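Asker: If you read the sequences in order, they're chains G and W.
Remember, this note's numbering sits 170 above the position in the first sequence when you count from 1.
Remember, this note's numbering sits 170 above the position in the second sequence when you count from 1.
2 protein chains.
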Amino acid sequence: MIELKSLPADCAGRRSESACTSCGARAFSVCGFLGPADLAKLDALAETMTFAAGQPLAHEGEPAEFLFNVTSGSVRVYKLLPDGRRQITGFLFAGDFLGLAGGDQHLFTAEAIEASTACRFRRAEYNALVHASPALERALLDRARHELAAAQSQMLLLGRKTAQERLASFLLDLPSHDPLRPTAAGRVRLPMTRGEIADYLGLTIETVSRVLTKLKGQGVIRLVSLNEVSIERPGRLRAIAEGET
Amino acid sequence: MIELKSLPADCAGRRSESACTSCGARAFSVCGFLGPADLAKLDALAETMTFAAGQPLAHEGEPAEFLFNVTSGSVRVYKLLPDGRRQITGFLFAGDFLGLAGGDQHLFTAEAIEASTACRFRRAEYNALVHASPALERALLDRARHELAAAQSQMLLLGRKTAQERLASFLLDLPSHDPLRPTAAGRVRLPMTRGEIADYLGLTIETVSRVLTKLKGQGVIRLVSLNEVSIERPGRLRAIAEGET
DNA sequence: CGAGCAGTTGATTTTTATCAAGTAGCGTGG
DNA sequence: CCACGCTACTTGATAAAAATCAACTGCTCG
Numbered sequence: 171m172i173e174l175k176s177l178p179a180d181c182a183g184r185r186s187e188s189a190c191t192s193c194g195a196r197a198f199s200v201c202g203f204l205g206p207a208d209l210a211k212l213d214a215l216a217e218t219m220t221f222a223a224g225q226p227l228a229h230e231g232e233p234a235e236f237l238f239n240v241t242s243g244s245v246r247v248y249k250l251l252p253d254g255r256r257q258i259t260g261f262l263f264a265g266d267f268l269g270l271a272g273g274d275q276h277l278f279t280a281e282a283i284e285a286s287t288a289c290r291f292r293r294a295e296y297n298a299l300v301h302a303s304p305a306l307e308r309a310l311l312d313r314a315r316h317e318l319a320a321a322q323s324q325m326l327l328l329g330r331k332t333a334q335e336r337l338a339s340f341l342l343d344l345p346s347h348d349p350l351r352p353t354a355a356g357r358v359r360l361p362m363t364r365g366e367i368a369d370y371l372g373l374t375i376e377t378v379s380r381v382l383t384k385l386k387g388q389g390v391i392r393l394v395s396l397n398e399v400s401i402e403r404p405g406r407l408r409a410i411a412e413g414e415t
Numbered sequence: 171m172i173e174l175k176s177l178p179a180d181c182a183g184r185r186s187e188s189a190c191t192s193c194g195a196r197a198f199s200v201c202g203f204l205g206p207a208d209l210a211k212l213d214a215l216a217e218t219m220t221f222a223a224g225q226p227l228a229h230e231g232e233p234a235e236f237l238f239n240v241t242s243g244s245v246r247v248y249k250l251l252p253d254g255r256r257q258i259t260g261f262l263f264a265g266d267f268l269g270l271a272g273g274d275q276h277l278f279t280a281e282a283i284e285a286s287t288a289c290r291f292r293r294a295e296y297n298a299l300v301h302a303s304p305a306l307e308r309a310l311l312d313r314a315r316h317e318l319a320a321a322q323s324q325m326l327l328l329g330r331k332t333a334q335e336r337l338a339s340f341l342l343d344l345p346s347h348d349p350l351r352p353t354a355a356g357r358v359r360l361p362m363t364r365g366e367i368a369d370y371l372g373l374t375i376e377t378v379s380r381v382l383t384k385l386k387g388q389g390v391i392r393l394v395s396l397n398e399v400s401i402e403r404p405g406r407l408r409a410i411a412e413g414e415t
C-alpha cells in the first residue's frame, strides 16, 4: 500500500469514497478515484507541515504560493472588513482542501484553530500536475461543485435564517465536516470558540451563547462541556433548522 | 467563423477574454480558450431556448436533466425555506452558466427575470463531453473557482455588512455581471425588482427602498428611472461598500 | 492561589422587520 | 386619448430581533 503524506494516514491507498468511514469523504473527492500513478505524483509534490493554534496558512491579499490539504486538526477561513468585522467563510478539517477559490492571490486568511497538520503544495507545481491529469482535474471540479453548493446553503442561512435556525443548522452540519474525530453518535465536537461560531453564522458571541442556552432549556441539546454538544432531540433540531417553529 | 448558438451572437469565434468587450468575460471562462473542434462539439449538443419573464429553467429538488448557458436577458437563482423565505443566491446574465453547483438534482430554482434566451444541454451529454475535453474541464474549473470566490464575498456581505453597505456593494458589483447591455459609464441597469434585490441582499423591500432613497439624498446615486441608477460619486459609494462610514 | 480569558447573563439600544398607508408608473380597455 | 386598475415602489409608525454595553462566573494555566 502506498504511504501518502497528502492524506490522513489511515486513508492512504483507499479508493472508494463510501469505504472510508474513519477519515471522511472529502479527502476522496480529490484523491479517491485516482490511480496509484497519479497518487504517487501528487504525493511527490507534498510537504507535510504542522501548525500550532493560531498559526496562519494563508493571508488575504498575499500571493498564493502554496495550496494545502488539511490532514488533521481544524482551520478557520475568513475575510475581514477594514474596520475589523470578520466573516468566517468556512471551517476546514482533515481531508479538506484550501485554495480552491483563489487565483494568484489568496482571497481569505486561513489560520489553524488548534494544533493541526496540513500537506503543502506549491501552487504552480500543483496546477501543472492537475492540468496534466484529467482524473485529478475532474476530482477538483467535483470538490468545487460541492463547495459551491455548501456556499449557497450558507447564503440562505446568513440572509434568511433566524439566530436559532442558524445555530441548529450549524450543529447539524458540523459533524459531516469533521470526520477524523468521530465522537459518540449525537455528539458534536466544537473545536472553535463561541466567537468563531458567531463570525461564521453572522451573529455575536452573546447571541450564540443565549441561543445555546435556550436550546438547552428546551431539551434539544445538552452541553457536555464547553466544546462538546450532545443532540438530545435530533428531529426537533432539524425542524428548527428549517424554520418550522 | 463558426456560428455558435451556445454563445451570444457577437461572441462566437472569439478566443481572447480581453478581446470581447461587448458580451462580457464570463462566456469565455467556459469557451474562450477552446479550439474550434471543442467549440463545434459543444455547440452540437446545444439547443437554443427562449424564456418569457417568470418562466423556470430549473426547479429545486428536481432531477438535473439539463444545464444552461444564458445568452441574453437575466435569470434569478434562489433557494426557499419551507415557510417561503427566499434567498436569491445569484443573478445570471449573458454568458453565465447554470448548473455548476448541482449534482444529480438541482439545489436551487432558476427563473427568467425578463425575456431571456439560454442554451440548453443534456447534462449527461454535456458531462461526457467535458470529461473528454481537458480544455473544457479546465475552463469549468476556472469558472467554479470564480463563483466560489464570489460566493465568499457574498457571505461577508450577508453576515457582516449593514443594509447601506450591502446596497453599495451590490450597485458596484452588478455591472461586471451584466455585460451584454452596456449602459453609459456610471449607469447601472436593474432588471430585477426591489423584492429581488432584497432577497439577494438578505433585506426587505422596504429597507432596500429606504437605503436607495438615503443614498440619493446624499448625492451618491441618482435614480434615472425605477430600473436604472446613475452612480454620481463612485469613490464615496466604494467607501460605503467597504464600511468606511 | 490568582490572573486572564472564554463564556454566560442581564439591561438597554440600534437596526431592520413588520404593519400600514399612500404614490407613481404602466398596460388595458373603453 | 384618457380613465381605470394593477403592481411596484415609497414613506411612515411601530415592533421585534439581535447588537451593544456591562457585570459577573468559572475554568485553565502559570
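Ideal Cβ placement from N, Cα and C applies to all residues, glycine included.
Bear in mind that the values here come from a model prediction, so they are computed numbers and not experimental data.
1) What's the C-alpha gap between W/R403 and G/Y248?
2) Please work out which residues of its chain come closer than 6 Å, Cβ to Cβ, to G/L360, disregarding the five sequence neighbours upstream and downstream, and give them in chain order.
3) How about the segment 354-371 of chain G and the segment 269-283 of chain W: do they share at least three Cβ pairs that are nearer than 8 Å?
4) Cβ closer than 8 Å: which chain W residues qualify as neighbours of G/F278?
5) How far does the alpha helix (DSSP H) with G/G260 in it extend, from its first residue to its last?
6) In or out: W/A210 buried (at least 16 other Cβ within 10 Å) or exposed?
7) For W/R290 versus W/T374, is the C-beta distance shorter than 9 Å?
8) Tell me whether W/F278 sits in a helix, a strand or coil according to DSSP, three-state version.
9) Quick one: does W/L215 have its CB under 9 Å from some CB of chain G?
10) I need the boundaries of the beta strand (DSSP E) containing W/P226, first residue and last residue.
11) For G/S303, which of helix, strand or coil comes out of DSSP?
12) For G/A288, does the three-state DSSP call read helix, strand or coil?
13) DSSP state of G/M171, grouped into three classes?
14) Is W/A234 near W/R293, with beta carbons less than 9 Å apart?
15) Name the two residues that bound the continuous alpha helix (DSSP H) containing W/I367.
16) Quick one: give me the first and last residue of the alpha helix (DSSP H) that W/K386 is part of.
17) For W/G260, which residues of its own chain have a beta-carbon under 6 Å away from its beta-carbon, when the five flanking residues on both sides are left out?
18) Looking at G/Q275 and G/G231, is the spacing between their C-beta atoms short of 9 Å?
19) Can you grab the Cα-Cα spacing for the pair W/G273 / W/Y296, in whole Å?
20) Quick one: which residues of the segment 321-350 of chain W get their C-beta closer than 9 Å to a C-beta of chain G? List them in chain order.
21) Got a sec: which bits of the segment 235-254 of chain W sit with their beta carbon under 8 Å from any beta carbon on chain G, in order along the chain?
22) Is there a Cβ from chain G that is less than 9 Å from the Cβ of W/P304?
23) So what does DSSP say about G/N397, is it helix, strand or coil?
24) Kindly list the residues whose CB is nearer than 6 Å to the CB of G/F263, restricted to its own chain and excluding five residues on each side of it in sequence; keep chain order.
25) Go to G/S339, then tell me how far its alpha helix (DSSP H) extends in each direction, as first and last residue.
26) Could you tell me whether any Cβ in chain G is nearer than 9 Å to the Cβ of W/F198?
27) Starting from G/L237 and walking both ways along the beta strand (DSSP E), at which residues does that stretch end?
28) If you measure between the beta carbons of G/L306 and G/L215, is that distance less than 9 Å?
29) Got a sec, what are the start and stop residues for the beta strand (DSSP E) G/R408 sits in?
30) Should G/R308 be flagged as near chain W, meaning a C-beta pair shorter than 9 Å?
31) Does the beta-carbon distance from G/A333 to G/V381 come in below 9 Å?
32) Note down the Cα distance separating G/L342 from W/R408, rounded to an integer number of angstroms.
33) Does the CB of G/R413 have a neighbour CB from chain W at under 9 Å?
34) Any idea what DSSP makes of W/L212, helix, strand or coil?
35) Would you mind stating whether G/S379 and G/R392 have Cβ atoms separated by less than 9 Å?
36) Taking a contact to mean a Cβ-Cβ separation below 9 Å, would you say G/G413 touches G/E335 in this structure?
Answerer: Put simply:
1) To locate residue 403 of chain W, count along the second sequence from 1; it is residue 233. To locate residue 248 of chain G, count along the first sequence from 1; it is residue 78. Answer to the nearest angstrom: the Cα atoms are 30 Å apart.
2) Mapped onto the first sequence, residue 360 of chain G falls at position 190. Closer than 6 Å at the Cβ level, and outside the excluded window around G/L360, lie N397.
3) no
4) Within the first sequence, residue 278 of chain G is the residue found at index 108, counting from 1. In chain order: Q322.
5) Indexing the first sequence from 1 puts residue 260 of chain G at position 90. No alpha helix (DSSP H) holds G/G260; the beta strand (DSSP E) holding it covers R256 to F263.
6) As a working note, residue 210 of chain W is residue 40 in the second sequence. Exposed, by the Cβ-count rule.
7) Here the question's residue 290 of chain W lines up with position 120 in the second sequence. Here the question's residue 374 of chain W lines up with position 204 in the second sequence. It is not a contact, given that the beta carbons lie outside the stated cut-off.
8) Residue 278 of chain W sits at position 108 when you count from the first residue of the second sequence. Coil, per DSSP.
9) Translated into the one-based positions of the second sequence, residue 215 of chain W becomes position 45. No, W/L215 does not count as interfacial toward chain G.
10) Within the second sequence, numbered from 1, the residue matching residue 226 of chain W stands at position 56. Its beta strand (DSSP E) spans residues P226 to A228.
11) In the first sequence, the residue the question calls residue 303 of chain G occupies position 133. Three-state result, G/S303: coil.
12) In the first sequence, residue 288 of chain G corresponds to position 118, counting from 1. If DSSP states are grouped into helix, strand and coil, G/A288 belongs with the strands.
13) Looking up residue 171 of chain G in the first sequence gives position 1. Only weak support exists for where G/M171 lies, its pLDDT of 40 falling under 50; the coordinates are left without a value.
14) As a working mapping, residue 234 of chain W is identified with position 64 in the second sequence. As a working mapping, residue 293 of chain W is identified with position 123 in the second sequence. Yes. Within cutoff.
15) Indexing the second sequence from 1 puts residue 367 of chain W at position 197. First-last of the alpha helix (DSSP H) with W/I367: R364 to L371.
16) Reading the second sequence from its first residue, position 216 is the one you call residue 386 of chain W. Element bounds for W/K386: I375 to G387.
17) One-based indexing of the second sequence puts residue 260 of chain W at position 90. Excluding positions up to five away in sequence, the list reads V247.
18) One-based indexing of the first sequence puts residue 231 of chain G at position 61. One-based indexing of the first sequence puts residue 275 of chain G at position 105. Yes, the Cβ-Cβ distance between G/G231 and G/Q275 is below 9 Å.
19) As a working mapping, residue 273 of chain W is identified with position 103 in the second sequence. As a working mapping, residue 296 of chain W is identified with position 126 in the second sequence. Their Cα atoms are separated by approximately 13 Å.
20) A321, Q322, S323, Q324, M325, L326, L327, L328, G329, R330, K331 and E335
21) K249, L251, P252 and D253
22) Reading the second sequence from its first residue, position 134 is the one you call residue 304 of chain W. For W/P304, the answer is yes, since a Cβ of chain G falls inside 9 Å of its Cβ.
23) Taking the first residue of the first sequence as position 1, residue 397 of chain G is located at position 227. Here G/N397 sits in coil by DSSP.
24) In the first sequence, the residue the question calls residue 263 of chain G occupies position 93. The residues are S244, H347 and D348.
25) For this step, residue 339 of chain G is matched to residue 169 along the first sequence. It spans A333 to D343 - the alpha helix (DSSP H) in which G/S339 sits, taken as one unbroken run.
26) What you label residue 198 of chain W is simply residue 28 of the second sequence in a count that begins at 1. Reliability fails at W/F198, whose pLDDT of 43 lies under 50, so the model's placement of it is uncertain and no value is given.
27) As a position in the first sequence, residue 237 of chain G is number 67, starting the count at 1. Boundaries of the beta strand (DSSP E) around G/L237: F236 to S242.
28) Position 136 of the first sequence, counted from the first residue, corresponds to residue 306 of chain G. Position 45 of the first sequence, counted from the first residue, corresponds to residue 215 of chain G. Contact check for G/L306 against G/L215 fails: the beta carbons are separated by 9 Å or more.
29) The sequence position of residue 408 of chain G within the first sequence is 238, counting from 1. Counting along the chain, G/R408 falls outside any beta strand (DSSP E), though it belongs to the alpha helix (DSSP H) covering P404 to A411.
30) Position 138 of the first sequence, counting from 1, holds the residue named residue 308 of chain G. G/R308 counts as touching chain W.
31) To locate residue 333 of chain G, count along the first sequence from 1; it is residue 163. To locate residue 381 of chain G, count along the first sequence from 1; it is residue 211. The answer is yes: Cβ separation under 9 Å.
32) For the purposes of this step, residue 342 of chain G is identified with residue 172 of the first sequence, where counting begins at 1. For the purposes of this step, residue 408 of chain W is identified with residue 238 of the second sequence, where counting begins at 1. Answer to the nearest angstrom: the Cα atoms are 37 Å apart.
33) Taking the first sequence and counting its residues from 1, one reaches residue 413 of chain G at position 243. It should be noted that the sequence gives Gly, not Arg, for residue 413 of chain G. Yes - at least one Cβ of chain W is within 9 Å of the one on G/G413.
34) In the second sequence, the residue the question calls residue 212 of chain W occupies position 42. Three-state DSSP puts W/L212 in a helix.
35) Your numbering for residue 379 of chain G matches position 209 in the first sequence. Your numbering for residue 392 of chain G matches position 222 in the first sequence. The answer is no: Cβ separation not under 9 Å.
36) On the first sequence, residue 413 of chain G is found 243 positions in, with the first residue counted as 1. On the first sequence, residue 335 of chain G is found 165 positions in, with the first residue counted as 1. Against a cut-off of 9 Å, the Cβ pair of G/E335 and G/G413 comes out as a contact.
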